[in-house]
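Following: one structure in structure tokens, then a few remarks.
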Amino acid sequence: MPSRTRPLTASIPRPIHTRAQAAPDASIVPACPDGDPSVTPLPHTDIRTTGWISRLPAALRPYALLARLDRPIGTWLLFLPGLWGILLPGGVEAGERLRLALLFGIGSVVMRSAGCVVNDMWDRDIDRMVARTAGRPLASGALRMRQAAWFLALLLAIGLVILLQLNGLCRLLGVGSLLLVGLYPLAKRFTWWPQLVMGFTFGFGAPMGYAAAAGRIDAAWAALYAATILWQLGFDTIYGFQDMEDDARIGVKSTSRLWAGQPRQFVGACYGLAVAALLLAGWLAGCTIGFWVAMVLPAIALGWQVAHLDSTDPRRCLMLFRSNRETGLAVALAILAGLTGR
Numbered sequence: 000m001p002s003r004t005r006p007l008t009a010s011i012p013r014p015i016h017t018r019a020q021a022a023p024d025a026s027i028v029p030a031c032p033d034g035d036p037s038v039t040p041l042p043h044t045d046i047r048t049t050g051w052i053s054r055l056p057a058a059l060r061p062y063a064l065l066a067r068l069d070r071p072i073g074t075w076l077l078f079l080p081g082l083w084g085i086l087l088p089g090g091v092e093a094g095e096r097l098r099l100a101l102l103f104g105i106g107s108v109v110m111r112s113a114g115c116v117v118n119d120m121w122d123r124d125i126d127r128m129v130a131r132t133a134g135r136p137l138a139s140g141a142l143r144m145r146q147a148a149w150f151l152a153l154l155l156a157i158g159l160v161i162l163l164q165l166n167g168l169c170r171l172l173g174v175g176s177l178l179l180v181g182l183y184p185l186a187k188r189f190t191w192w193p194q195l196v197m198g199f200t201f202g203f204g205a206p207m208g209y210a211a212a213a214g215r216i217d218a219a220w221a222a223l224y225a226a227t228i229l230w231q232l233g234f235d236t237i238y239g240f241q242d243m244e245d246d247a248r249i250g251v252k253s254t255s256r257l258w259a260g261q262p263r264q265f266v267g268a269c270y271g272l273a274v275a276a277l278l279l280a281g282w283l284a285g286c287t288i289g290f291w292v293a294m295v296l297p298a299i300a301l302g303w304q305v306a307h308l309d310s311t312d313p314r315r316c317l318m319l320f321r322s323n324r325e326t327g328l329a330v331a332l333a334i335l336a337g338l339t340g341r
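Here numbering that gives the first Met the number 0 is used: the first residue of the sequence shown is 0, the next is one more, and so on.
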């Protein structure tokens, strides 16, 4: 019986609309399958079909791409707030922090993949009409909905096993986070603020990490969650600037479109408030002087993003978005520095 999974690159449709821009960077554009010049690469996409993905068995490649395993930046941005939460509370043994960080690292890979599957199942028809997303496995037809549903069930089962290794409070928070995972794809249809919903969703690792390490919810927990939401609202708005033309054409709402006339002001406000909330969280948690000194670095990094933001340049927006991995790591190092002497 022939496989129902078709090769991904062979099934990429020509997008209805593409942006006029310079020649694409070969590192982020799918190569023509088997060197066939009749298949035109997408003019702007963050899908990578080269590298280790290309060495997987053909039947597995669409699943890896559906889970965005070719783009680990999303996993980093989900994991880092959890790491902040694990590091922030005092009185936790180093071995326990390390155990939690390993669990959250694995969980971030799994749950980020699950979130991408849910998003693509909801958005497959929209994705076909957007240049950047037209090649995604469900939009292109490389995978069917039933295959995606079984894959999602597997990912959620693995996520449950990981969740059961955490304390009772964290388990309750983890179950509650599933509602947020399902809400984001719907939010863009009904509100101009889907990136805020994304902030609540992707930022949920922070309150879960804090609860896992401290076993409680307190003011520092709330301040850290607020900081994460604001940070992610800012960088997801930058990410959304890539799709403004397509989103306007098909009626998808976003903060990127809402604040298109004042992009730097909006992102700058988000980042400024995020830094303020991080400082508040550090003060409430009793961080020492090392935290306050080290927080200068992520604050400068966020300011650099705002200064270099050009909402009309998709490639620059993607570059700035990806730079948040280093920014998030800098915050983690600042919190770690604040543990000294506690």
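From the three backbone atoms N, C-alpha and C, an ideal C-beta is built for every residue, glycine too.
Residue i, buried or exposed, once every other Cβ within 10 Å from all chains shown has been counted against 16
| i | result |
| --- | --- |
| L345 | For the chain, the structure presents residues 0 to 341; residue 345 sits outside this window and is missing. |
| M144 | exposed |
| P36 | Low confidence applies to P36: its pLDDT is 30, below 50, so where it sits in the model is not reliable enough to give any reading. |
| A21 | Here A21 scores only 33 on pLDDT, less than 50, and its place in the model is too uncertain to base an answer on. |
| T339 | exposed |
| R60 | buried |
| G202 | buried |
| L154 | buried |
| G198 | buried |
| L97 | exposed |
| L178 | exposed |
| Q231 | buried |
8 angstroms contact criterion, which residue i and residue j should meet: CB distance rounded
| i | j | result |
| --- | --- | --- |
| G239 | Y270 | Actually they do not touch by this definition, with Cβ atoms about 15 angstroms apart. |
| A210 | L172 | 6 angstroms |
| G181 | V117 | 6 angstroms |
| I72 | R314 | Not confirmed; about 15 angstroms, so no contact. |
| L159 | N323 | Not confirmed; about 29 angstroms, so no contact. |
| L55 | L142 | Wrong, their Cβ atoms sit about 14 angstroms apart, outside the cutoff. |
Reference residue i; option with closest CA among the options
| i | options | result |
| --- | --- | --- |
| L257 | V330, A212, V295, L195 | L195 |
| L357 | W121, D217, A152 | This structure cannot speak to residue 357, because the chain is shown only from 0 to 341. |
| R67 | C115, G106, L155 | C115 |
| L82 | G208, V266, Q304, A333 | G208 |
| P193 | L163, V108, Y183 | Y183 |
| A58 | Q146, L77, T74 | Q146 |
| T236 | W191, G106, R127, V180 | W191 |
| G50 | L65, Y62, R70 | R70 |
| R341 | V160, G104, L97, A284 | A284 |
| Q264 | A219, S310, W282, C169 | S310 |
| A63 | F150, G267, G198, I288 | F150 |
| G104 | L162, W291, R248, V91 | L162 |
| P262 | I288, C316, A218 | C316 |
Heavy atom of the ligand ZN within 7 angstroms of residue i beta-carbon
| i | result |
| --- | --- |
| W192 | Only the bare structure without any ligand can be found here, which leaves the ligand ZN out of the picture. |
Contact set for residue i: own chain, Cβ-Cβ below 6 angstroms, skip 5 residues either direction
| i | result |
| --- | --- |
| A25 | Residue placement at A25 is flagged as unreliable, the pLDDT there being 31, under the threshold of 50; the coordinate-derived value follows with that caveat. Closer than 6 angstroms at Cβ, skipping near neighbours: no residue. |
| P297 | T326, A329, V330 |
| P14 | Any reading at P14 needs caution, since the residue's pLDDT is 40, under 50, leaving its predicted position unreliable; the model's value is listed next. Answer for P14: A130, A133, listed in chain order. |
| R170 | L162 |
| I157 | V109 |
Proximal residues to residue i (C-beta, below 8 angstroms), its chain only, five neighbours per side dropped
| i | result |
| --- | --- |
| F189 | K252 |
| I249 | I125, M128, V129 |
| I52 | R60, A63, L64, L68, D69 |
Same chain only: Cβ atoms within 7 angstroms of residue i, ignoring 5 sequence neighbours per side
| i | result |
| --- | --- |
| A293 | L332, A333, A336 |
| S2 | Reliability fails at S2, whose pLDDT of 41 lies under 50, so the model's placement of it is uncertain and the value that follows must be treated cautiously. The residues are A58. |
| D246 | S253, R256 |
C-beta atoms of residue i and residue j nearer than 8 angstroms
| i | j | result |
| --- | --- | --- |
| L319 | L272 | no |
| V330 | L278 | no |
| A226 | A280 | yes |
| A212 | P88 | yes |
| G84 | G204 | yes |
| F78 | S107 | yes |
| D119 | R135 | yes |
| L165 | L223 | no |
| D242 | R131 | yes |
| A148 | S139 | no |
| L301 | V274 | yes |
| V305 | V266 | yes |
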